[in-house]
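In this note's numbering, the protein residues as written are 15 to 243. Built from N, CA and C at the ideal position, the CB exists for glycine as well. Remember, it's a predicted structure, so these values are computed and weren't measured experimentally.
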Amino acid sequence: MNTASDSGRARRYKDSILAPLRRKNRILYTSTILVGIVYLQWLFRMLDWGHPVAAGFFVLAELICFVCILVWADMLSEERLHPRQTMEWKGKLPDVDLLVTVCNEPMEIVRPTLEAVAKIDYPHLHVMVLDDGHSKEVRELAQKLKFGYSARKERTAAKGGNLNHGMRITHSPFVMTLDADQIPKPEVIHRMIGYFQIPKIGFVGSRQSFRVPPGDPWGNRDTVFYEAM
């Protein structure tokens, strides 16, 4: 991880890799702004102001687009510095209960999640699979991975009720929750647990990225947003 020489703060992940791209971005947004200014000046001169309502709405739409360009340029030009992404826990690591909620999801979704949970690198982790679907396959997989398993009889209040049930039967000072389709990385708890040493911190959320099929029409690029931007 690169560091700023004068501030002592850590640069964004992959910032040095993105530096050449950011220089190209500066050229791009500067050129776009200059062209936009010339275009707006031309627009004011060429519009038929004999129809003020139509002309006014058209100018308003173009001004909104130009403001969006300015916001985009500001985002690209910002120097991205932030505190280090991980805060180490001082002293003995505390126990953590990990609750995985399941309710009739296909095994091709549940299995990768539970297998990834089994690879989490944390010494005092207690996993409980909360199965509202009463699935034999889920129970057998949980037993194979040496996880706790619980299937409540009265499935009230949907997933929230399932989580409340899990919290009543577990006792660690910290709780992590996962849905059936959330695949954690091995270092996930180490990267989050240290933040609980900050006074008044009671909840820590992790970054997420989504696996999308080839040819995704929406062009999902959330990993680029979280890791690079």
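Excluding the 5 residues flanking residue i on each side, which residues of the same chain have their C-beta closer than 7 Å to its C-beta?
i: G50; result: F80, I83
i: E201; result: D135
i: T127; result: V114, L192, A194, D195, Q196, I197
i: I212; result: none
i: I215; result: Y209
Given residue i, which residues of its chain have a CB within under 8 Å of its CB, disregarding the five upstream and five downstream residues?
i: N118; result: D146, G147, S149
i: T100; result: H204, R205, G208
i: R225; result: none
i: I47; result: I83, L84, A87
Buried or exposed: which applies to residue i, given that a residue is buried once 16 or more other Cβ atoms fall within 10 Å of its Cβ?
i: T170; result: exposed
i: H179; result: buried
i: A68; result: exposed
i: L77; result: exposed
i: V143; result: buried
i: A75; result: exposed
What does a CB cutoff of less than 6 Å around residue i pick up in its chain, not counting 5 residues either side in sequence?
i: E102; result: G208
Check this for me: beta carbons of residue i and residue j, under 8 Å apart or not?
i: S91; j: R40; result: yes
i: F161; j: V141; result: yes
i: F72; j: L61; result: yes
i: P120; j: P187; result: no
i: L159; j: A132; result: yes
- What are the complete alpha helix (DSSP H) segments, minimum 4 residues, inside the stretch 53 to 93? 66 to 91
- alpha helix (DSSP H) segments (min. 4 residues) lying fully within the stretch 152 to 183: 172 to 182
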